[in-house]
Amino acid sequence: MCLHGKDPVVALALILTFAEKNYGKYVEEVMESIKKRSLFEQLIATIISQNTNWKNTKRALHNLREYFAKISPEKIAKVDLETLERLLKPAGLYKVKSKVIKDLANEIIRRKLLEIKNAERLRNELLKIRGIGPKTVDVVLAFSLNEPILPVDTHIRRISLRIGLTSSRKYYDIRRSLERSIPSKYRVKAHLLLISFGRNVCRSREPLCWACPASKYCLSSRV
DNA sequence: CTCCGGTAAT
DNA sequence: ATTACTGGAG
């Protein structure tokens, strides 16, 4: 219900339908490969991906797998920082990320974080580690612990703001707005679908509004 | 708001 | 040459 014909919830639904049709198959594959990861591996992958495109993230991950065979907190804790930095270089922000990943490995060993079953407790423990923020922790909880969360990345944030789904720019406000409109079982998939849509259509630079199914419901439409 | 940052797209 | 990338800290 909207007097001026701009309804963000309708826009969101149209976008998800469109994304399902166009990127659904790809997204299914991504979900499968992500769910094979261990919790620790998922954490590492998510940290590496921070503010970095997927191609470069995969390069750094490839370097890690090649060097360690199997990635574990013990191995990360032992390796020297310079080596870790060299392996992570292609992902950018490599000094920050190396330190975060090393701190994380140490804390996991010291405080036995991987034994925590309770999602809320794990969330709080992970958030204490410098370099792990709400987006990273939400991704891990959603993918590895099946929590009904819809993690908000830069693409999803952009889409939400453009269609006017939320007036607040704060992380948890945007997340709450999305979760109000998207049923819990569908949230992980919606997360990936929205990212694909944000990369391909609702792009940051030159959004393809002519190709967008929600353009007439969108506050920022250039069509 | 700025910084970290190599890489690819424009 | 500039901009953005599945962010987060100071």
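Be aware that the first sequence starts at 480, since it is given in my numbering, and climbs by one per residue.
Just so it is clear, CB atoms sit at the ideal spot from N, CA and C, and this is done for glycine as well.
Being a predicted model, the structure only gives us computed values, none of them experimental.
Beta carbon of residue i nearer than 9 angstroms to that of residue j
i	j	result
leucine 540	leucine 583	no
cysteine 691	glycine 643	no
leucine 672	leucine 495	yes
arginine 636	serine 699	no
valine 616	leucine 605	yes
valine 579	isoleucine 550	no
Distance, residue j Cα to residue i Cα
i	j	result
lysine 568	proline 552	20 angstroms
arginine 654	aspartate 632	10 angstroms
proline 708	alanine 548	Summary: the structure shown does not reach residue 708, with the chain confined to residues 480 through 702, and so no result is reported for it.
aspartate 720	glutamate 658	With the chain represented from 480 up to 702, any question about residue 720 goes unanswered, as that position is not in the structure.
valine 488	serine 660	7 angstroms
asparagine 542	lysine 576	14 angstroms
arginine 701	serine 694	8 angstroms
leucine 666	methionine 510	With the sequence shown as reference, residue 666 is identified as arginine, and leucine is not the correct amino acid for it. Near 12 angstroms, if we compare the C-alpha coordinates of methionine 510 and arginine 666.
arginine 684	isoleucine 588	42 angstroms
cysteine 481	leucine 593	At cysteine 481 the pLDDT is 49, less than 50, meaning the model places this residue with poor confidence and gives no usable figure here.
asparagine 679	alanine 598	33 angstroms
serine 663	histidine 670	11 angstroms
arginine 682	threonine 531	15 angstroms
Option nearest residue i by Cα separation, candidates the options
i	options	result
valine 506	Ala693, Ile526, Ser675	Ser675
arginine 602	Asn679, Asn585, Leu620	Leu620
glutamine 529	Leu543, Gly571, Glu594, Lys668	Gly571
leucine 624	Arg600, Ala498, Asp559	Arg600
arginine 516	Phe622, Arg666, Ser694, Ile638	Phe622
lysine 668	Lys485, Tyr502, Asp486, Ala490	Tyr502
lysine 596	Glu499, Glu508, Leu518, Arg682	Leu518
Complete runs of the alpha helix (DSSP H) confined to the segment 593-671 [at least 4 residues]: Counting only runs of 4 or more, we get 598-606, 613-623, 633-642, 650-660.
Mind listing, in chain order, the continuous alpha helix (DSSP H) runs of no fewer than 4 residues lying wholly within the segment 526-588? Along the segment 526-588, the alpha helix (DSSP H) occurs as fully enclosed runs of 4 or more residues at 533-547, 552-557, 560-567, listed in sequence order.
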